[in-house]
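Take a look at the structure below.
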Amino acid sequence: MTCATGIRTVSFFDYPALFAASRGEYTAIFDDVCGRGAFIKQRDLAEFEQNLAAFLGTRYVLGVGNATDGLHFALRSVGIGAGDEVIFSSHTMLATATAIHFSGATPVPVECGPDHLIVADAVEAAITSRTRAIMPTQLNGRTADMATLQRLADRHDLLIVEDAAQALGSRFRGRLSGTFGCASAISFYPAKVLGCFGDGGAIVTNDPEVFEHAVSLCDFGRNSTGEVVRWGLNSRLDNLQAAFLDFQLKKYEGVIFRRRQLAALYTARLKGVAEIVLPPAPDSDPDHFDIYQNYEVEAEKRDDLKQYLKDCGIGTLIQWGGQAVHQMKALGFTQHLPYTDRLFTRMLMIPMNMSLTDDDLHYVCDTIRAFYGYSE
Ligand SMILES: Cc1ncc(COP(=O)(O)O)c(C=O)c1O
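In this note's numbering, the protein residues as written are 7 to 382.
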């Protein structure tokens, strides 16, 4: 085995670096919040919710414990329940289907397309008399063609609830992911582009009734005046996490800029490698503004490439442990999705994070090029 330019370590995601990048500021936030004893539902959370709503241009943002809860509560708040079917792309985190299942509805997985996002024709083919909603996952920081999905939803009288866990800041035709349809949820899992130091998520909506319903589901059934109006659970975004997130949100545009810069560099270095299919480049399609939560390629001899990169000190990841949701037979899925099946034998995420330097990226590209026999 020969590595492109000698051994260097490029981790897939550097968790300690997340904190180290602004250690002084985070320590000061910790001191301030903890010194005030402001742990649950305090002003830092309210400020973050307001600032995120302003960023998104939506009326309501509700911090929750994680996006899985957020998706579950969003579905229930828009009226999805027992007897309903909700269509989603099988190339998503199991969380999407979990949320549908626990809302009482049946999750119906369908195919994704060349950009790895849900395919409108596949959605249409899966519609039955019980279908009530479409839940597109805005995967890898890219927003689906929401115009086509909305037309489909209108024609069949369906709701749209977005899984925007991976896509804060991503846009389709200028409109931000998470602001389509009647509700959405975003994740602040540490590896997300806006990631906290533990679990966190948010529900986004413009609808006051959906918001009120979600508030009660997250807070033991209590509405915003404290009255118990239904059975509810407990799912809160920690006040301390909200304070960290609010600090990061102020720098968010710069983070997106850098990730798009890295994606452009990957395109420039790898576009001539015939054995690799790259994600769409930044600005390659005026309809899409991608934030590159992940950089997921399709690769020939994927497993050999992964091992080669590992031997050269480069971390990669196969999303969802290499299993699409419909392949999880223990959960009762019977769908046959050949496009997704094939994609799952080829897809690989290569490093895309804020610790990645240009030199790291060149090393990754040199190594991939060497594996397929291209010159550096
Ligand atoms: C597409 C998608 N949906 C849902 C989730 C669940 O988010 P959380 O871990 O905040 O519950 C994730 C997290 O990785 C995700 O990537």
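For each residue, glycine too, the CB sits at the ideal point set by N, CA and C.
Pull up the CB-CB distance for Val125 and Met141, whole angstroms please, since I reckon it's below 8 Å.
About 14 Å; that fails the 8 Å criterion.
Thinking His294 and Thr112 are a contact (beta carbons under 8 Å), I'd like their distance in whole angstroms, please.
Actually they do not touch by this definition, with Cβ atoms about 31 Å apart.
Are the beta-carbon atoms of Glu91 and Thr143 separated by less than 7 Å?
In this structure, Thr143 does not lie closer than 7 Å to Glu91 by Cβ.
Taking a contact to mean a Cβ-Cβ separation below 7 Å, would you say Val114 touches Val129 in this structure?
Going by C-beta atoms, Val114 is not nearer than 7 Å to Val129.
From which residue to which residue does the alpha helix (DSSP H) around Asp252 run?
Its alpha helix (DSSP H) spans residues Asn245 to Leu255.
Where does Thr346 land, buried or exposed, given buried means 16+ other C-beta within 10 angstroms?
Burial call: buried.
Cα-Cα, which of His368, Val221, Ser95 and Asn72 is closest to Gln341?
Taking only the C-alpha atoms, the option nearest Gln341 is Ser95.
Consider the C-beta atom of Gln172 and the heavy atoms of ligand 1; say whether any pair is separated by less than 6 Å.
Indeed, a heavy atom of ligand 1 lies less than 6 Å from the Cβ.
When you compare only the Cα positions, how much space is there between Leu337 and Ala330?
About 12 Å.
Quick check: does the Cβ of Met334 come within less than 6 Å of any heavy atom belonging to ligand 1?
False, no ligand heavy atom lies under 6 Å from that Cβ.
Is the shortest distance between the beta-carbon of Thr149 and the beta-carbons of chain B less than 7 Å?
The question asks about chain B, but that chain is absent: this structure has only one protein chain.
When DSSP labels each residue in this structure, what does Tyr32 get in the three-state scheme?
Helix at Tyr32.
For ligand 1, is there a heavy atom less than 6 Å away from the beta-carbon of Gly207?
Yes.
Count the other C-beta atoms from every protein chain shown that fall within 10 angstroms of the C-beta of Gln56, then say buried if there are 16 or more, exposed otherwise.
Label assigned to Gln56: exposed.
Specify the secondary structure class of Phe108 as computed by DSSP and reduced to three states.
Of the three classes helix, strand and coil, the one that applies to Phe108 here is helix, per DSSP.
Please name the residue or residues paired with Tyr298 in a DSSP beta bridge.
In DSSP, Tyr298 forms no bridge with anything.
For Thr98, verify whether its CB is less than 6 Å away from any heavy atom of ligand 1.
True, at least one ligand heavy atom lies under 6 Å from that Cβ.
On a Cα-Cα basis, can you pick out the residue from Asp310, Asn359 and Tyr301 that is closest to Arg264?
Minimum Cα distance to Arg264 is reached at Asn359.
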